[in-house]
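Following: one structure in structure tokens, then a few remarks.
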Amino acid sequence: MPEVIVRYKNKKSLQALEDMSKYLEFTILPSSSKKAASKASKKMPLLKQIEQGLKEVKLIREGKLKPVTLEELLND
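Residue numbers (our numbering): 20 to 95.
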């Protein structure tokens with residue numbers, strides 16, 4: 020079955036799409052949006068710390084951030 024992703028700006032647009040889905044026989048599935056992810060990270064501070072660590076690792080691998088050695092960390 021083909022898929023189409025539609026981004027809507029407000030709840031009225033979503034309601035209109037839901038009404039159309041009744042007549043045109045298509046389904047609307049909830050997406051895993053950035054808002055949902057940010058809500059989860061607000062509820063779970065550990066997840067937020069892990070995400071930040073992963074971003075730092077990515078920047079280090081790209082050469083945009085200097086890695087910190089354990090010795091430097093202990094000296095600070």
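All C-beta atoms, glycine included, are put in the ideal place defined by N, C-alpha and C. This structure is a prediction, so every number in the text was calculated from the model and none was measured.
- Between the alpha carbons of residue 23 and residue 47 lies a gap of roughly 10 Å.
- The Cβ atoms of residue 33 and residue 27 lie closer than 7 Å to each other.
- Following the DSSP letters along the chain, one finds residue 43 inside the alpha helix (DSSP H) bounded by residues 30-43.
- In the three-state reduction of the DSSP assignment, residue 89 falls in the helix class.
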